[in-house]
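Novice: After the C-alpha cells below, expect a handful of questions from me.
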Amino acid sequence: MPMNLDITPMSERHLDAVLEIERSSFISPWSRDLFVQELETEIGQSFIAVLAGGDVQTVAGYLCSWVAADECNILKLACHPCYRRRGIGTLLLERGLREAWRKGARVVSLEVRQSNISAVSFYSACGFAPAGQRKGYYHETGEDAIVMLLHLGEGFADAERKLP
Ligand SMILES: CC(C)(COP(=O)(O)OP(=O)(O)OC[C@H]1O[C@@H](n2cnc3c(N)ncnc32)[C@H](O)[C@@H]1OP(=O)(O)O)[C@@H](O)C(=O)NCCC(=O)NCCS
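Those letters in the sequence shown? Residues 47 to 210, by the working numbering.
Listed below in C-alpha cells is the structure:
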C-alpha cells in the first residue's frame with residue numbers, strides 16, 4: 047500500500063508514539079512531563095512526521111526546537127528505528143527550519159553527543175558545521191557535546207529544497 051508522509055505540529059495525543067521512539071533512540075530519554083512542558087513553552091515548536099497508509103497512521107519521527115530572536119536551537123530530532131535513512135529526518139528538519147526562518151531565526155544551533163556518529167553525519171549532510179565543544183555536557187555519562195551551527199542564508203526561504 048502506498049504511504050504518504052505528512053509533517054504536522056505535535057500535540058499531547060501523539061505522545062505515546064513519540065515516547066516509544068524517544069526511548070528507543072536516546073540514552074537518557076525525556077519523560078512525558080518534559081514533552082508536555084515543551085508543548086506549552088511559548089518559544090517551542092514541535093513537529094511530528096506521520097506516515098499514512100490506508101486507515102493506519104504511524105508516527106515515524108519528531109522534532110522539538112526553540113526559536114528566540116534570530117536563533118533556533120534544535121532540542122530533539124529522532125526517527126523510529128524502522129524508518130531511518132528514508133529522508134524523514136531531513137524533511138522534519140526542513141519544516142522546523144522553515145518555521146524558524148519565518149519567525150526570524152537566521153542561525154541554528156544544536157548539541158550532539160560526540161559518540162553519536164550517525165547524528166553528526168546527518169547534521170553535516172544537512173549543512174551544519176562543528177563550532178565548538180561543551181565539556182562534560184551530558185552529566186549522566188560525562189560525555190562532551192559537539193556544538194553544530196547552520197547559518198540560514200538569504201535564499202533559504204525561497205529555495206524549494208531547503209537543505210543540501
Ligand atoms: C539522526 C536521525 C534523526 C536522522 O534521521 P533519518 O531520517 O534517518 O535521516 P535522513 O534519511 O534524512 O538522512 C539524510 C542524510 O544524513 C546522513 N545520515 C543519516 N543517517 C546516517 C547514518 N546513520 N550514518 C551516516 N550518515 C547518515 C546521510 O548522508 C543521509 O543521506 P543518505 O541516506 O542519502 O546517505 C536518525 O538517525 C535518528 O533518529 N537517530 C537517533 C536519534 C538521534 O541521535 N538524534 C539526533 C540527536 S538530537
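Using N, Cα and C, we set each Cβ at its ideal position, and we do this for glycine too.
Indicate, with yes or no, if ligand 1 has a heavy atom lying under 7 Å from the CB of residue 130.
Specialist: Yes, since a heavy atom of ligand 1 falls inside the 7 Å radius drawn around the Cβ of residue 130.
Novice: Starting from residue 83, follow its DSSP beta bridges and name the residues at the other end.
Specialist: None; residue 83 has no bridge partner.
Novice: Ligand 1 and residue 133: does the residue's C-beta get closer than 7 Å to at least one heavy atom of that ligand?
Specialist: Yes, ligand 1 has a heavy atom inside 7 Å of this Cβ.
Novice: Of all the options 69, 64 and 198, which has the alpha carbon lying nearest to the alpha carbon of residue 109?
Specialist: Looking at the Cα atoms, 64 is the closest of the given residues.
Novice: For residue 102, does the count of other Cβ atoms within 10 angstroms reach 16, so buried, or fall short, so exposed?
Specialist: Exposed: under 16 other Cβ atoms inside 10 Å.
Novice: Taking the CB atoms as reference points, tell me whether residue 95 and residue 106 lie closer together than 8 Å.
Specialist: In contact: residue 95 and residue 106 (Cβ atoms closer than 8 Å).
Novice: Determine, for residue 104, whether the minimum Cβ-Cβ distance to residues of chain D falls below 8 Å.
Specialist: The structure shown contains no chain D, having only a single protein chain.
Novice: Comparing C-alpha positions only, which one of 59, 143, 81 and 111 sits nearest to residue 204?
Specialist: Minimum Cα distance to residue 204 is reached at 143.
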